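In UniProt numbering, the protein residues as written are 4 to 562.
Each remark here refers to the structure printed beneath this line.
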Ligand code: ADP
Ligand code: MG
């Protein structure tokens, strides 16, 4: 099928292209980072594939990325000698978006540049960002190891369709030619391109080479490396600037915005690995999609092995991005092997601690940034107490709640804050769960607490009641659901209160019995309480019964 075909982009691609070109207009230069990032990924993939079959190098083992421009023709050309693509790969990769949920995501885009550019940042635009600066894009590519005739030429004006045909290509890998728009001619300039490479791609693992601009005899037109070309995580922390950490994050994460924080560690001894872990500033649009890619980029002895290695992190830390470079694992390691490998288990335990420590540190040193983290990822972290028994206390310390102290829906109160405000004699951490914040806040169960000035945490996320099932205590203090069982206010309940309650129970014995008879099986017990100040009565759940929220979840599941 060497003949030329014209194919339409998938609808989602068309939408993305339109929206992206508008919303990233003031952010044009990122196209180069995206293309270099892809070229670097392609080199990584080739090096990995060549571990098994070194004929894929085709006598050209010197992996590099070449950047050329032509100021007369207004073109910028990026060439890599990486893995390349087959014709089918090209149709798939450069004509569709494979992530599920894309269509719904795109519906949220409004046409408002600021808002959309943020949303698109969560999504990542990748290759399609070429069309921010180019009104025509050509791709020449041949898969490593495929015959010369299986080269592919792809071309599009970004207007809804593309053409594809087979051409002879001597060199494996991918060449992308951008025909610059009038308002993007500035990029056909050596100085500008060099700056962008330094700025965005200094510490990718491969050299980016450009023709020398020197006029000297013998130097002119010779290719020279313009980036540092050492993988960032292999440098020592003191050599790395914050800006470089941030750019590297964007390179590996497909995110446009800066990370909130990071942690870079070389571990030697029983285990021998380097980890570079990042906390993103914004949740990806598919955070709750179980199929969405997650995990770290895995390298073994600096050789890229795979993206999205899930085994190095528990699910509740799935927002973490980063790189693991292990000297203990074998270059042949596969996903299957990762699943039952004791080295991997040890690294995972250590990495989990690192992430939790990084978050604790952020919470202490930069509470505002921590709050941003919480607002984006808090509900994911709430899966932690159930999933990770051994780190429950640490995770609990990272939780943030709404509370009667602030009276606001925003989850800003930590357990340490709460404990710091506990009344003398109070020995429990009180909380209430409800379907929504307003219902919880106006619950009669809170009356006595208000009267006594005792703070109650207000939990109204879907996951909360379930989570509390896994949290028994924090800092030696038990959690107590205020809607459960016989309320014990500890020392805060005075002898007088207790006496009063007992007297009332005695005095109204008959009434209590009459109510119990009237309600029959619908209640277990009717008793006098100090819980209420204004309301005449309230329902409570026995200590070991399912909570109201849990009941609803079970009912919805048909139980
Ligand atoms: P992402 O990099 O997040 O996968 P992109 O839109 O940047 O998304 O690229 C889409 C896909 O196209 C890549 O996953 C890859 O399979 C393919 N691709 C893009 N550029 C290259 C390249 N230079 N060499 C080989 N494959 C590439
Ligand atoms: Mg990409």
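Here a beta-carbon is modelled for each residue, glycine too, at the ideal position from N, C-alpha and C.
Predicted model, so just to flag it, every value in this text is computed and none were measured.
- Under the three-state reduction of DSSP output, residue 53 falls in the helix class.
- For residue 182, the secondary structure class from DSSP, reduced to helix, strand or coil, is strand.
- Listed in chain order, the alpha helix (DSSP H) elements of length 4 or more contained wholly in the UniProt domain "Histidine kinase/HSP90-like ATPase" (30-187) are 33-53, 90-96, 105-110, 116-126 and 133-136.
- For residue 286, the three-state secondary structure derived from DSSP is coil.
- Within its own chain, the residues whose Cβ lies closer than 7 Å to the Cβ of residue 440, once the five positions on either side in sequence are excluded, are 405, 412, 461 and 463, listed in chain order.
- Per DSSP, reduced to three states, the secondary structure at residue 404 is strand.
- Fully contained in the region 186-267 are the following beta strand (DSSP E) runs of length 3 or more, in chain order: 211-214 and 226-228.
- Proximity to residue 89 across 142, 136, 51 and 110 peaks at 142, based on C-alpha coordinates.
- Assignment of beta strand (DSSP E) within the region 402-473, counting only whole runs of 3 or more residues, yields 431-436 and 460-462 in chain order.
- The beta strand (DSSP E) runs lying completely inside the region 313-340 and spanning 3 residues or more are 324-329, given in chain order.
- DSSP places residue 510 in the helix class (H, G or I) of the three-state scheme.
- In this structure, residue 456 lies near residue 426, with their beta-carbon atoms less than 9 Å apart.
- Distance check between residue 296 and each of 311, 286, 302 and 303 places 311 closest, using alpha-carbon atoms only.
- Residue nearest to residue 102 within the set 290, 505, 509 and 323 is 290 (criterion: CA-CA distance).
- Counting C-beta atoms within 10 angstroms of its own C-beta, residue 385 has 16 or more neighbours from the protein chains shown and is therefore classed as buried.
- Membership of residue 481 in the beta strand (DSSP E) is indicated by the continuous run 480-484.
- Segment contact: the region 307-326 against the region 386-399, three or more CB-CB distances shorter than 8 Å; contact assigned.
- Taking the C-beta atoms as reference points, residue 139 is found no nearer than 9 Å to residue 118.
- CA-to-CA, the gap between residue 28 and residue 188 works out to about 14 Å.
- In the three-state reduction of the DSSP assignment, residue 371 falls in the helix class, which pools H, G and I.
- The C-beta distance from residue 236 to residue 252 rounds to 11 Å, too long to meet the 8 Å contact threshold.
- CA-to-CA, the gap between residue 329 and residue 146 works out to about 28 Å.
- By DSSP's assignment, residue 10 forms a beta bridge with 165.
- Short of 7 Å from the beta carbon of residue 448, and not among the five residues preceding or following it, lie these beta carbons of its own chain, in chain order: 435, 485, 486, 534 and 541.
- Contact check for residue 40 against residue 182 fails: the beta carbons are separated by 9 Å or more.
- Residue 532 sits in coil when the DSSP states are folded into three classes, being neither helix nor strand.
- Three or more Cβ pairs closer than 8 Å define a contact, and the region 158-175 meets that threshold against the region 4-24.
- Residue 269 carries a strand assignment under DSSP once its states are collapsed to helix, strand and coil.
- In the same chain as residue 213, and ignoring 5 residues on each side of it, the C-beta atoms closer than 6 Å to its own belong to 70 and 229, in chain order.
- For residue 509, the closest C-alpha among the options 499, 530, 497 and 496 is that of 530.
- For residue 174, the closest alpha carbon among the candidates 85, 99 and 107 is that of 85.
- If you ignore the 5 residues before and after residue 122, its C-beta comes within less than 7 Å of the C-beta of 111 and 112, all in its own chain and listed in chain order.
- The C-beta distance from residue 80 to residue 178 rounds to 6 Å, short enough to fall under 8 Å.
- Its Cα nearest to that of residue 74, the residue 196 stands out among 91, 220, 196 and 5.
- Within the chosen limit of 8 Å, ligand 1 does not reach the beta carbon of residue 33 with any heavy atom.
- Each residue's CA atom was taken as its position, placing residue 308 and residue 115 some 40 Å apart.
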